[in-house]
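A short worksheet on the structure shown next.
Numbering (the working numbering), first residue to last: 281 to 570.
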């Protein structure tokens, strides 16, 4: 999901400490925040926008396109369903440690209503020069700069590092899609890759993956059909099998989800697999020359 600068953004949980801080940063960057939700503070103005009792009320009073959730884990299901039932085109769920059955219920409801979900446990989305949703440092020019390379990442910190390295190498990003690090998420690596492949403003793509799960292998199957160059960095190459490392999705059972499996699948698909994130600039320069 690539969010453009003209999209109307609703912030659920806008009056909390994190909701307030990041709403202000999003607004300063140019994100068109049209309202917030807190049932206990409905009717007030916060961060210069109206606060509603529900997403449904916000939709009825001017509407919104995408909702970003600064909501505690046990409140995410209710908040997400509120936005989905209101007709949101997209949800960005930042929260981690959401009960798995709640995530499954939300994703099923979103599929039924045609709502695109990014996350849970995502750092957010950035469209450099236009807007951002979440808590990525889009406003730092040394990290995010408008350009033509799309970045997909399961990790916010590694995604930030790769974006920094791209800018230092003289490149910029068309979009950053933080898909999230949980085992069950709304947008997979492959789905994000398909989005960037269709995007006319993207000339090449960088994938930041991790051990665990099969998303990178599935993305590799699609990458093999692309004409746009793709590079990838897979974190966790030295991690022991059967032990969870970092994100909830980063667990290897036998050969499934191993570094070797992902590296092999990506390499066979023609993807340039990076040894370190610092190699991304040279890899992109080489790929785009060809």
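No residue lacks a Cβ here, since even glycine has one placed at the ideal position from N, Cα and C. Quick caveat, the model's predicted, so the values are computed rather than measured.
Thinking C-beta only, is residue j closer than 8 Å to residue i?
i, j, result
"residue 398", "residue 492", "no"
"residue 371", "residue 430", "no"
"residue 509", "residue 567", "yes"
"residue 373", "residue 346", "no"
"residue 486", "residue 511", "yes"
"residue 333", "residue 292", "no"
"residue 549", "residue 503", "yes"
"residue 302", "residue 419", "no"
"residue 298", "residue 344", "no"
"residue 497", "residue 541", "yes"
"residue 427", "residue 451", "yes"
So if DSSP puts residue i in a beta bridge, which residue, or which two residues, is it bridged to?
i, result
"residue 403", "Bridge partners of residue 403: none, in fact."
"residue 419", "According to DSSP, residue 419 bridges with nothing at all."
"residue 553", "512"
"residue 315", "290"
"residue 412", "406"
"residue 398", "372"
"residue 433", "458, 488"
"residue 426", "453"
So, under 8 Å CB-CB, residue i and residue j are touching, yes? Tell me the CB distance rounded to an integer number of Å.
i, j, result
"residue 423", "residue 447", "6 Å"
"residue 403", "residue 363", "Contact flag wrong, Cβ pair sits at about 19 Å."
"residue 290", "residue 316", "7 Å"
"residue 384", "residue 464", "6 Å"
"residue 514", "residue 489", "5 Å"
"residue 354", "residue 389", "Not quite, the Cβ-Cβ distance comes to about 17 Å (not below 8 Å), so this is no contact."
"residue 281", "residue 396", "5 Å"
"residue 331", "residue 318", "6 Å"
Check your understanding: Below 8 Å, can you find three or more Cβ-Cβ pairs linking the region 453-461 to the region 403-413?
Key -> Counting C-beta pairs closer than 8 Å gives three or more between the region 453-461 and the region 403-413, which meets the contact rule.
Review point. Is the region 330-342 touching the region 302-312 in the sense that three or more CB pairs, one from each, lie closer than 8 Å?
Key: When Cβ pairs closer than 8 Å are counted between the two stretches, the region 302-312 is seen not to touch the region 330-342, the count staying below three.
**Study point:** Ranges of the beta strand (DSSP E) found wholly within the region 448-500, counting only runs of at least 3
**Key:** Taken in chain order, the complete beta strand (DSSP E) segments of 3 residues or longer contained in the region 448-500 are 453-458, 484-490.
Point to revise | Ranges of the beta strand (DSSP E) found wholly within the region 320-392, counting only runs of at least 3 | key: Entirely contained in the region 320-392, the beta strand (DSSP E) runs reaching 3 residues are, in chain order, 329-332, 346-349, 370-373.
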